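Line by line, the protein sequences give chains A and B. According to the numbering used here, the first sequence is numbered sequentially starting from 11. According to the numbering used here, the second sequence is numbered sequentially starting from 614. Note that CB positions come from ideal geometry on N, CA and C, so glycine has one too. Values in this document were obtained by computation on a predicted structure and should not be read as measured data.
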Amino acid sequence: MNANTGKVIRVDLNTGVVSIETLPEDNYREYVGGSGLAAKYFWEKGDFNADALSPEAMLIFMNGPFSGLKLSGASRNSVAGRSPLTGHWADSSCGGFFAPELRYAGYDGIVLTGKSPKPSVLLIEDDKISIVDGTEYWGKGIEEVTKELRNKHGKTCRTVTIGPAGENLVKFACIMNEGHHTFGRTGFGAVMGSKNLKAIVVKAAKKEMTLADPEKYEELRKELNAKIKDALASNVLHENGSAANLGGGAFTGDVPIKNFTSNFWEEVTDALSGPTLTDKYLTKRGACAYCAIACKRVVEVKEGPWTIPEGPGPEYETIVAYGSLMGSLDLAAVCKANRICNDMGMDTISSGVTIAWAMEAFEKGDLTEADTDGIQLNWGDMETVINIVLPKIVKREGNLGALLAEGSVSAAEKIGKDSINYTTQSKGLEAPMHDPRGGGHGMALTYAMSARGACHVADPMLFVEMGSCYYPEIGFEFELEPMTDVNKPEAAVISIELGCIENSACFCQFADREVSIPEWVELFNTVPGYNWDAQDMMNAGRRIFYLKRLMNYRYGLTAKNDELTPRMLEPARDGEPQGIEINFTGMKEKFYELMDMDPEKGIPSKAALNECGLSQEAANVW
Amino acid sequence: MKIKVRPVGIIKKYFTEHELVTADGLTSEQLISDLKIPQKLKMVSIVNGKGIPLKEKLKDGDEVILVSRLSGG
């Protein structure tokens, strides 16, 4: 097998038994790696009846085929399984440094089941794999634990760690690599916590890999690295981070404000933008493994109420979630909240969205002081958010902490009073910080179709609607107008197929914007050596999308779950998208037709599954 | 005619806010080209507080905000 090792580490935390499992080469060819390969593994070996936080639940870390190959953007990996937040299939991707080290150690993935009898750490040192006592780390923040693990196991080791939020089973707890890179979404930190697994440490002695055509790959790698580094967008991202053009998004109505009640707030343009972060707080830039873009931020806040020492800084999503979404223009408060969420191990999107929803609920009187332990939740009151609300969520303390630690959907269902209507989510996953009403109507469709729930990185629709992607080789040459439904279902089909490839290949969406379809195909042909053409690659993308549809169907989801909330679909009240209706139903119907999916069950037809090579899977659902 | 142009976000790299005397009939598309803003930045023109098509002619006294649609993270 080329590029991939074909080996995954299987760990039963109940018994402490570790084994190495070999996966069939066909699984890689058909499902690529990352979230696709994890889905295939789970489909065959996972327990669909297991609660996400039970010992029987399966948690899978999976690399893509390009991990460790010194290519910009190519060394991410995925964690996948049943989400404790949404209750169905989910995956979450992370950059950083864990994937290459795992690959160098000789493995493509790690599969965890069971529950360790006491807090533990999984230690992988090439062929030597052990479960060691992690009691000394339990209860500690991620920053401290990451330092201690590196002190103990050497500076060259790589780690993934959970914080107290994961230990306390906060439903949107995340997993962090090196304290700066995040498997942010869908709550897999709580799954690790439920298994008493505080961290995974990996350390490889060598960096040897076998490729199908190393010379051709090396030529391609150099070309792509140069192209990615020199791209205009890469330079923008390097200079001022992922929030570089937050101001542009504010003026087009893409940036959500006060729980999606507004689409325009001019002051955010300067107060919360990437250049402002650079000017005020940036101390240096950071990068994931082998990436020439280096979009990560390292910040320090030296004065004011939110001082923090030099360390990981916020990205666009966090800046909006803990800024305009809560009615705040305080960028230092964003830096502080980000640092707390990183250290405690919480997704800044789901936590931010849940808090913003609570602020609106409190304003409306749907959430009362009896629900909040007497705490006032007011727009822009970051002192309360940072000093009171976040610690309560992490500890599940009091009525408020217990309520919000479950996520916005569960909280809304608990307090009732139609407050579910102004949650901003799909399939139980809180929406990211791009409002489809201004950002692009196609994104409303892809948020609803994403297997894990509302997501802007399951596929490149965000970039597609901006007009920054053209793929003539696969028939994608649409000139799209963001705030219409014209050609959006057609664009969504290609975007979703490509997104499944990106996320299974574990490729960064920023770097990927510079990679053409022929280059993608060449990567697969020179690295794992698939001898593919573009259609073969896109077929794999569709197969992965279809399999995830089947998985969610087994979790009880049908077409009616492919929805957005009333708040997300009501015409915008101001800004560029003011008054414009999203033809969501029309787009959804057309998308279902193009994807040959059953309009009630929400799964592909038997014929479509058979055509994609999923006849065995079809027999399970038809 | 006289118009006022203002950059937002990453467009600040290409020009600063200023007034401009120009020939009648100038479109946002021509203005963007004159200001040497790369096409890749996928521009939006907001005139007097409302987005207009790039090919629409500007008028005397217009206040033009130019922003890039590229956004993300």
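Residue i, buried or exposed, once every other Cβ within 10 Å from all chains shown has been counted against 16
i: E627(A); result: buried
i: A13(A); result: buried
i: D118(A); result: buried
i: N59(A); result: exposed
i: G417(A); result: buried
i: G622(B); result: buried
i: H631(B); result: exposed
i: S625(A); result: exposed
i: Q435(A); result: buried
i: L159(A); result: buried
i: S204(A); result: buried
i: E177(A); result: buried
i: L230(A); result: buried
i: D572(A); result: buried
i: A380(A); result: exposed
i: E218(A); result: exposed
i: K125(A); result: buried
i: T15(A); result: buried
i: T25(A); result: exposed
i: G566(A); result: exposed
C-alpha gap between residue i and residue j, whole angstroms
i: A582(A); j: T271(A); result: 8 Å
i: I425(A); j: L377(A); result: 7 Å
i: L132(A); j: I141(A); result: 5 Å
i: G463(A); j: G452(A); result: 15 Å
i: G55(A); j: L47(A); result: Here residue 55(A) is Lys; the residue named in the question, Gly, does not match the sequence. Near 12 Å, if we compare the C-alpha coordinates of L47(A) and K55(A).
i: N348(A); j: W316(A); result: 11 Å
i: E40(A); j: T32(A); result: 16 Å
i: K162(A); j: A175(A); result: 24 Å
i: V232(A); j: A421(A); result: The amino acid occupying residue 232(A) in the given sequence is Lys; Val does not appear at that position. Distance between the alpha carbons of K232(A) and A421(A): 50 Å.
i: T328(A); j: V278(A); result: 14 Å
i: E228(A); j: L508(A); result: 24 Å
i: K600(A); j: E135(A); result: 50 Å
i: D543(A); j: L533(A); result: 11 Å
i: D101(A); j: G438(A); result: 14 Å
i: P446(A); j: G686(B); result: 15 Å
i: V525(A); j: M11(A); result: 25 Å
i: S64(A); j: N206(A); result: 11 Å
i: H190(A); j: K616(A); result: 44 Å
i: D391(A); j: R553(A); result: 46 Å
i: D522(A); j: P482(A); result: 16 Å
i: Y114(A); j: G199(A); result: 24 Å
Which of helix, strand or coil DSSP assigns to residue i
i: S140(A); result: strand
i: R523(A); result: coil
i: H163(A); result: helix
i: T536(A); result: helix
i: L79(A); result: coil
i: M607(A); result: strand
i: E676(B); result: strand
i: P322(A); result: strand
i: G284(A); result: helix
i: A62(A); result: coil
i: I665(B); result: strand
i: P614(A); result: strand
i: P34(A); result: coil
i: S45(A); result: helix
i: V311(A); result: strand
i: D57(A); result: coil
i: K615(B); result: strand
i: L439(A); result: strand
Chain D residues whose Cβ lies nearer than 7 Å to that of residue i
i: S283(A); result: Checking the listed chains, one finds no chain D in this structure; the protein chains it contains are A and B.
Point to revise | Residue ranges of each beta strand (DSSP E) within the segment 241-278 of chain A, 3 or longer | key: none
Check your understanding: Taking the runs of the alpha helix (DSSP H) that are 4 residues or longer, which of them lie wholly in the segment 449-526 of chain A?
Key -> 451-459, 471-476, 498-515 and 519-522
Review point. Using a Cβ cut-off of 9 Å, which residues of the segment 300-327 of chain A contact any Cβ in chain B, in chain order?
Key: C305, E325, Y326 and E327
Check your understanding: Which residues, in order along the segment 625-653 of chain B, keep a beta-carbon less than 9 Å from a beta-carbon of chain A?
Key -> K625, K626, P651 and K653
Exercise for review: Would you list, in sequence order, the uninterrupted alpha helix (DSSP H) runs of no fewer than 4 residues that lie entirely inside the segment 82-155 of chain A?
Suggested key: 108-115
Review point. In the segment 153-217 of chain A, which residue ranges form an unbroken beta strand (DSSP E) of at least 3 residues, counting only runs that do not cross its ends?
Key: 168-171, 185-187, 191-193 and 207-213
Review point. For the segment 671-683 of chain B, which residues have a CB atom closer than 7 Å to at least one CB atom of chain A, in sequence order?
Key: I678, V680, S681, R682 and L683
Check your understanding: Using Cβ-Cβ distances below 8 Å, what residues of the segment 569-591 of chain A are close to chain B?
Key -> E586
Check your understanding: Mind listing which residues of the segment 257-279 of chain A have their C-beta closer than 7 Å to chain B's C-betas, in chain order?
Key -> G257, G258, G259, F261, T262, D264 and T279
Check your understanding: Mind listing which residues of the segment 243-254 of chain A have their C-beta closer than 7 Å to chain B's C-betas, in chain order?
Key -> A243, V246, S252, A253 and A254
Practice item. With 8 Å as the limit, tell me which residues of the segment 473-485 of chain A have their beta carbon closer than that to any beta carbon of chain B; keep them in chain order. Key: F473, M476, G477 and S478
Point to revise | Whole runs of the beta strand (DSSP E) within the segment 355-395 of chain A, excluding any shorter than 3 residues | key: none
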